[in-house]
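Q:
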Amino acid sequence: MPWAPVLGFVSSGLEPNAAAQHLLLPALVLMLIKSCLAGERSSRCRPQGLLKLDRPYQKPSQSEILFPFCQQYQHCSCCNASHVVAVERSLQTVDSSALSASCGAMTAQLACSICDPEIGTAQKQHICAATCQQWYKRCQHDYFSYSPFSQHLVPCGTKQASEVCSQVSELTDNGQSFCQQAGYDVREPNADSSNGGCFDGTISASTNFASCSAPVRRQQQKVKPGSRFPLLYFMVLLSAAAAVVLVYRRLAFLMTRRKLCSPATRSSNPQFPGSGRRLCD
Numbered sequence: 045m046p047w048a049p050v051l052g053f054v055s056s057g058l059e060p061n062a063a064a065q066h067l068l069l070p071a072l073v074l075m076l077i078k079s080c081l082a083g084e085r086s087s088r089c090r091p092q093g094l095l096k097l098d099r100p101y102q103k104p105s106q107s108e109i110l111f112p113f114c115q116q117y118q119h120c121s122c123c124n125a126s127h128v129v130a131v132e133r134s135l136q137t138v139d140s141s142a143l144s145a146s147c148g149a150m151t152a153q154l155a156c157s158i159c160d161p162e163i164g165t166a167q168k169q170h171i172c173a174a175t176c177q178q179w180y181k182r183c184q185h186d187y188f189s190y191s192p193f194s195q196h197l198v199p200c201g202t203k204q205a206s207e208v209c210s211q212v213s214e215l216t217d218n219g220q221s222f223c224q225q226a227g228y229d230v231r232e233p234n235a236d237s238s239n240g241g242c243f244d245g246t247i248s249a250s251t252n253f254a255s256c257s258a259p260v261r262r263q264q265q266k267v268k269p270g271s272r273f274p275l276l277y278f279m280v281l282l283s284a285a286a287a288v289v290l291v292y293r294r295l296a297f298l299m300t301r302r303k304l305c306s307p308a309t310r311s312s313n314p315q316f317p318g319s320g321r322r323l324c325d
């Protein structure tokens, strides 16, 4: 039996089969860590559009302050009072009658969608095509224009609007195009919904948010260990995984040493190499 290949694995502390297994172990540990971190991140709010957030990102919560707008999300939202004020201002028009009541109500409903807990955490990332069609029907005779800033359709008379306005029916002939030109991502009617549903204008009824976080009191807020240092906790987990790998390698080394240094192995190889003798000494 040639000794070189065997001693090659001994130098790393592993037998051939153990070598393959030791490569698999850290991979599984890292996959477990990644899965845990991904699950934690999926329930946290993410910045998007008018929803500007500071790190560390928090979970949806109740608001201590009464929302002046988007009040349907008062009890569970990624928004705070500043966010909803920004949404309200984006829809304010010079002429309060610029939009019909029906169109204005649904336009506000879609603008407030960023405060929906499932939209805010990116568990829903699209507007339902049927909802867009409903919005189009309500607004087809109202006047919108393309914003010179965002290039999206906005109600006429708002700060973002240009001076050239047209009826929605003159700009597009269907709801999906209307939503897309207004800056919303639309889920196709026949799209696969396995990666999450779409926003239909109603408040999320997801059980994930049945018990939304309590209001955060700035004066009494206590920083949870690791909430500001997620990287530190990740390094602790990584260190634990490395320790498991080292223990595994040590055990494999001892098993290999025991096999190579057994009397039967040594007696069957009278020309036992010097490196092998040093290993067994």
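Residue numbers (our numbering): 45 to 325. Yeah, the Cβ is synthetic: ideal placement off N, Cα and C, and Gly gets one too.
Taking only three categories from DSSP, how would you classify Gln136?
A: Gln136 falls in the coil class under three-state DSSP.
Q: Rounded to a whole number of angstroms, what is the C-alpha to C-alpha distance between Phe222 and Leu215?
A: Those two C-alpha atoms are separated by around 8 Å.
Q: Out of curiosity, what's the CA-to-CA distance linking Arg231 and Ile171?
A: Taking the straight line joining both Cα atoms gives about 6 Å.
Q: Can you name, in chain order, every residue of its own chain whose Cβ lies under 8 Å from the Cβ of Ile158, other than the five neighbours on each side?
A: Excluding residues within five positions, the ones whose Cβ falls inside 8 Å are Gln92, Gly93, Leu94, Leu95, Cys122, Cys123, His127, Val131 and Gly164.
Q: Does the stretch 150 to 157 come close enough to the stretch 201 to 209 to have 3 or more Cβ pairs within less than 8 Å?
A: Verdict: no, contact absent.
Q: Let me confirm a value: Phe188 is counted as buried when at least 16 other C-beta atoms fall within 10 Å, else exposed. Which label applies?
A: Under this definition Phe188 is a buried residue.
Q: Please report the straight-line C-alpha distance between Arg99 and Ser213, rounded to a whole angstrom.
A: If I take the Cα positions, the gap works out to 42 Å.
Q: For the alpha helix (DSSP H) that Pro161 lies in, which residues bound it at each end?
A: Pro161 -> alpha helix (DSSP H) spans Pro161 to Gly164.
Q: Tell me Arg293's beta-bridge partners as DSSP assigns them.
A: Per DSSP, none; premise fails for Arg293.
Q: Relative to the alpha-carbon of Pro161, which residue among Ala287, Thr246, Gly219 and Val291 has its alpha-carbon at the smallest distance?
A: It is Thr246 whose Cα lies nearest to the Cα of Pro161.
Q: Taking the CB atoms as reference points, tell me whether Gly219 and Ala149 lie closer together than 8 Å.
A: Result no, Cβ atoms of Gly219 and Ala149 do not sit closer than 8 Å.
Q: Output needed for Gly227: all residues of its chain with C-beta closer than 6 Å, excluding positions within five of it in sequence on either side, in chain order.
A: Once the five neighbours on either side are set aside, the close Cβ partners of Gly227 are His196.
Q: Just the C-alpha distance for Lys303 and Val280, rounded to the nearest angstrom, thanks.
A: The alpha-carbon atoms of Lys303 and Val280 are separated by roughly 35 Å.
Q: Do you know how far the Cα of Trp179 is from the Cα of Cys80?
A: Low local confidence applies: a pLDDT of 45 at Cys80 is under 50, so the model's placement there is unreliable, with the coordinate-based value given in what follows. Approximately 39 Å, taken between the alpha carbons.
Q: When the Cα atoms are used, what is the spatial distance from Cys305 to Val289?
A: Straight-line Cα distance between these residues: approximately 24 Å.
Q: Can you tell me whether Pro112 is buried or exposed? The criterion is at least 16 other CB atoms within 10 Å of its CB, across all chains shown.
A: Exposed, because fewer than 16 other Cβ atoms sit within 10 Å of the Cβ of Pro112.
Q: Apart from the five residues just before and just after Leu97, which ones in its own chain have a Cβ nearer than 8 Å to its Cβ?
A: Once the five neighbours on either side are set aside, the close Cβ partners of Leu97 are Cys89, Arg90, Pro91 and Cys122.
Q: Under the three-state reduction of DSSP, which class applies to Val198: helix, strand or coil?
A: Of the three classes helix, strand and coil, the one that applies to Val198 here is strand, per DSSP.
Q: Taking Cβ to Cβ, would you say Ser107 is nearer than 8 Å to Ala125?
A: Closer than 8 Å, so yes.
Q: Pull up the DSSP beta-bridge partners for Gln184, would you.
A: DSSP lists no partner for Gln184.
Q: What is the residue span of the alpha helix (DSSP H) that Leu215 lies within?
A: Leu215 -> alpha helix (DSSP H) spans Val212 to Leu215.
Q: Classify Gln92 as helix, strand or coil using the three-state DSSP reduction.
A: In the structure shown, Gln92 sits in a strand (DSSP, three-state: E or B).
Q: Could you tell me which of Cys209, Gln102, His119 and Tyr101 sits nearest to Ile109, measuring between CA atoms?
A: Of the candidates Cys209, Gln102, His119 and Tyr101, the one whose C-alpha sits nearest the C-alpha of Ile109 is His119.
Q: Quick check: the Cα distance between Gln181 and Asp217, rounded to an integer number of angstroms?
A: The question names Gln, yet the displayed sequence has Lys at residue 181. Cα to Cα, Lys181 sits roughly 10 Å from Asp217.
Q: With the cut-off set at 8 Å, would you say Cys183 and Thr137 are in Cβ contact?
A: No, these two residues do not count as a Cβ contact at 8 Å.
Q: Kindly list the residues whose CB is nearer than 6 Å to the CB of Ala166, restricted to its own chain and excluding five residues on each side of it in sequence; keep chain order.
A: Closer than 6 Å at Cβ, skipping near neighbours: Arg90.
Q: Just verifying my parser: in three-state terms, what is the DSSP assignment at Ile158?
A: It is helical.
Q: What does DSSP give as the partner residue(s) for Phe243 in the beta ladder?
A: Bridge partners of Phe243: Ile171.
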